[in-house]
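S.K.: Encoded as structure tokens, here's the structure I'll be asking about.
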Amino acid sequence: MVIKMAAMADLDKIAAVEAECFPAAEAASKQTFQNRLMVYPNHFWLLWDDNTLVGFVNGMTTDLPDLSDEMYQNAEMHNESGAWQMIFGVNTIPGYRRQGCAAKIIKRVIDDAKRQNRKGLVLTCKESLVPYYGKLGFQTEGVSKSVHGGAVWYQMRLTF
């Protein structure tokens, strides 16, 4: 398996993986991904097993310290020199789950953020995933202000 940065040619596969991984109320649309890819393609890490897109992580960089719902829809909030790498989604298709795929991608995102001299990374997750991200070095900051998809989210931060 190999991690590559996304290109617009990957749009259909990215949208299909997102739809497979998240409920409709939480999943980003193909149009949203197109907008993101136009603004920050170098912040999309795709994990491939030959020609199969196994999973991906994406998110903008910003000087704002907290992840807000507006960031999901407004790619123009991206600041390439921003202090924080936001993570909007960690996707792994069902047949590849519990095999270390997500961790492999997240570790690459962490390494890239360090190399880019970011302060760290911020993500939101459901309560059941707090221990998982904790194992990867993220600290919980409690319930997020996010109401994305009508779910309860916990903000987590990894500070370098």
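Per this note's numbering, residue 99 is the first one in the sequence shown, and the count goes up by one each step. Ideal placement from N, C-alpha and C gives every residue a C-beta, glycine not left out.
1) In angstroms, rounded to a whole number, what distance separates the CA positions of VAL245 and ASN149?
2) Please list the segments of the alpha helix (DSSP H) lying wholly inside the segment 100 to 138, counting only runs of 4 or more residues, in order along the chain.
3) Write down the C-beta distance between HIS141 and THR159 rounded to the nearest angstrom, noting that I regard them as a contact closer than 8 angstroms.
4) With DSSP collapsed to three states, give me the class of ILE185.
5) May I ask which residues mark the beginning and end of the alpha helix (DSSP H) holding VAL155?
6) Taking 8 angstroms as the limit between beta carbons, can you name the residues of its chain near MET184, skipping five residues before and five after?
7) Less than 8 angstroms between the C-beta atoms of PHE154 and ILE112, yes or no?
8) Spell out the partners DSSP gives MET254 in its beta bridges.
9) For ALA126, which residues in the same chain have their Cβ closer than 6 angstroms to its Cβ, ignoring the five residues on either side in sequence?
10) Output needed for PRO139: all residues of its chain with C-beta closer than 7 angstroms, excluding positions within five of it in sequence on either side, in chain order.
11) Return the bridge partner residues of ASP167 from the DSSP annotation.
12) Is ASP147 helix, strand or coil by DSSP?
13) Could you tell me if PHE258 is buried or exposed, where buried requires 16 or more neighbouring beta carbons within 10 angstroms of its beta carbon?
14) Taking PHE120 as the reference, which of TRP146, CYS223, LYS212 and VAL137 has the closest Cα?
15) By Cβ distance, which residues of its chain are closer than 7 angstroms to ILE204, with the 5 residues on each side in sequence left out?
M.R.: Reading off the structure:
1) 35 angstroms
2) 109 to 119 and 128 to 137
3) 6 angstroms
4) strand
5) Note, VAL155: premise wrong, no alpha helix (DSSP H); beta strand (DSSP E) at 150 to 156.
6) GLY157, MET158, THR159, THR160, LEU165, MET169, LEU219, VAL220 and LEU221
7) yes
8) LEU221 and THR238
9) GLU116
10) MET103, ALA104 and ALA105
11) Per DSSP, none; premise fails for ASP167.
12) strand
13) exposed
14) CYS223
15) VAL155, VAL188 and LEU234
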